[in-house]
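Colleague: Pasting a structure here, questions to come.
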Ligand code: C5P
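Residue numbers (this note's numbering): 2 to 237.
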């Protein structure tokens, strides 16, 4: 899924340790989403086999956010390429050499069928104060732009950012990078641990390619209806 969608698309995060529940969610939301996301909670509980199970419904965005020395990350990318994910994530803060190694490992494993490599910039749960505590100079927007430049120059296909940085990233890097955006909250839904959030319509208008929505869909009484409502709110 390295290509851009024609208009902003929806991804549902299947955050549960229960493979059967994740598969049921994937089946339910499949008509309304472009991809489904397997993250650390599900992958650590159910292992690589869950990806094939989920991929029977929609292509899988494997969000394991790798961050290690280049050789280790390259090995991890080779390992997860066996599950044929459409997209995978690593932390931009892991540096250019790590990102280059990941891209090379993906190309060596799957060639043209390789997943899109997405660099996570600043997690959407970070406030400016929380980020400053980690020693970062400047606020989230400045750090997102810094990590974005590093990641794109190292060969990342796209970035994971909050809704609040989309327009600055488009101004700086144009339309080419895939922008995948969590921290999306329909009006009236609970923010949970997310800090830098916006509504789906706002994130789409700012130029997001993909919106990642978890709990507002999976914690809803009817996840399929919740996904359908968000998808219907996006411009076509
Ligand atoms: O439930 P919620 O909509 O907050 O889920 C957001 C999903 O996106 C989670 O699976 C989380 O791991 C992921 N994510 C995020 N912020 C990032 C990168 C990924 O919230 N920067």
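All C-beta atoms, glycine included, are put in the ideal place defined by N, C-alpha and C.
State the DSSP-derived secondary structure class of residue 140, mapped to helix, strand or coil.
Modeller: Numbered from its first residue, the chain shown carries residue 140 at position 139. Coil.
Colleague: Sorry if obvious, but does the Cβ on residue 216 come closer than 6 Å to a heavy atom of the ligand C5P?
Modeller: Here the question's residue 216 lines up with position 215 in the chain shown. Yes - the ligand C5P has a heavy atom lying nearer than 6 Å to the Cβ of residue 216.
Colleague: Between the C-alpha atoms of residue 181 and residue 200, what's the straight-line distance to the nearest angstrom?
Modeller: Counted from its first residue, the chain shown places residue 181 at position 180. Counted from its first residue, the chain shown places residue 200 at position 199. Computed Cα separation, rounded: 14 Å.
Colleague: Would you call the region 216-225 and the region 153-173 in contact, with 3 or more CB pairs under 8 Å?
Modeller: Result no; under three Cβ-Cβ pairs closer than 8 Å.
Colleague: Is residue 124 close to the ligand C5P? I mean its beta-carbon at under 6 Å from any heavy atom of the ligand.
Modeller: On the chain shown, residue 124 is found 123 positions in, with the first residue counted as 1. It does: the Cβ of residue 124 is within 6 Å (strictly closer) of some heavy atom of the ligand C5P.
Colleague: Quick one: grab the DSSP three-state call for residue 99.
Modeller: Working through the chain shown from its first residue, we reach residue 99 at position 98. Here residue 99 sits in helix by DSSP.
Colleague: DSSP three-state label for residue 231, please.
Modeller: One-based indexing of the chain shown puts residue 231 at position 230. It is helical.
Colleague: How many Å lie between residue 62 and residue 37 at the Cα?
Modeller: As a position in the chain shown, residue 62 is number 61, starting the count at 1. As a position in the chain shown, residue 37 is number 36, starting the count at 1. If you take the alpha carbons of residue 62 and residue 37, they lie about 6 Å apart.
Colleague: Any contact between the region 107-119 and the region 140-147? By contact I mean 3 or more CB pairs, one from each, below 8 Å.
Modeller: The region 107-119 is not in contact with the region 140-147.
Colleague: Between which two residues does the alpha helix (DSSP H) containing residue 173 stretch?
Modeller: In the chain shown, counting from the first residue as 1, residue 173 sits at position 172. Here the alpha helix (DSSP H) through residue 173 covers 167-174.
Colleague: Classify residue 193 as buried or exposed, calling it buried when 16 or more other Cβ atoms lie within 10 Å of its own Cβ.
Modeller: Residue 193 sits at position 192 when you count from the first residue of the chain shown. Residue 193 is exposed by the Cβ-count criterion.
Colleague: Any C-beta of chain B sitting closer than 7 Å to the C-beta of residue 91?
Modeller: Here there is only one protein chain, and chain B is not present.
Colleague: Note down the Cα distance separating residue 198 from residue 184, rounded to an integer number of angstroms.
Modeller: Residue numbering aside, residue 198 sits at position 197 when the chain shown is read from its first letter. Residue numbering aside, residue 184 sits at position 183 when the chain shown is read from its first letter. Each residue's alpha carbon lies about 5 Å from the other.
Colleague: Report all residues from its chain with a CB closer than 6 Å to the CB of residue 20; omit the five preceding and five following residues, and keep chain order.
Modeller: Numbered from its first residue, the chain shown carries residue 20 at position 19. Only 47, 51 meet the Cβ criterion.
Colleague: Within 8 Å, do at least three Cβ pairs link the region 5-15 to the region 23-35?
Modeller: As far as the Cβ criterion goes, the region 23-35 touches the region 5-15, which means the pair count is three or higher.
Colleague: Classify residue 70 as helix, strand or coil using the three-state DSSP reduction.
Modeller: Reading the chain shown from its first residue, position 69 is the one you call residue 70. Coil at residue 70, not helix or strand.
Colleague: Please classify residue 210 as buried or exposed, where buried requires at least 16 other C-beta atoms within 10 Å of its C-beta.
Modeller: For the purposes of this step, residue 210 is identified with residue 209 of the chain shown, where counting begins at 1. Result: buried.
Colleague: Taking 7 Å as the limit between beta carbons, can you name the residues of its chain near residue 80, skipping five residues before and five after?
Modeller: As a first step, residue 80 must be located in the chain shown, where it is residue number 79. Answer for residue 80: no residue qualifies.
Colleague: According to DSSP, simplified to helix, strand and coil, what is residue 90?
Modeller: Position 89 of the chain shown holds residue 90. The answer is strand: DSSP assigns residue 90 an E or B state.
Colleague: Any idea if residue 22 is buried or exposed, counting beta-carbon neighbours within 10 angstroms, 16 or more meaning buried?
Modeller: Indexing the chain shown from 1 puts residue 22 at position 21. Exposed: under 16 other Cβ atoms inside 10 Å.
Colleague: Give the range of the alpha helix (DSSP H) segment to which residue 131 is assigned.
Modeller: Within the chain shown, the letter at position 130 stands for residue 131. Counting along the chain, the alpha helix (DSSP H) containing residue 131 begins and ends at 129-134.
Colleague: Classify residue 219 as helix, strand or coil using the three-state DSSP reduction.
Modeller: Here residue 219 refers to the residue found at position 218 of the chain shown. Residue 219 falls in the helix class under three-state DSSP.
Colleague: Roughly how many angstroms separate the alpha carbons of residue 167 and residue 56, rounded to a whole number?
Modeller: Along the chain shown, read from residue 1 onward, the residue named residue 167 stands at position 166. Along the chain shown, read from residue 1 onward, the residue named residue 56 stands at position 55. One C-alpha to the other measures close to 28 Å.
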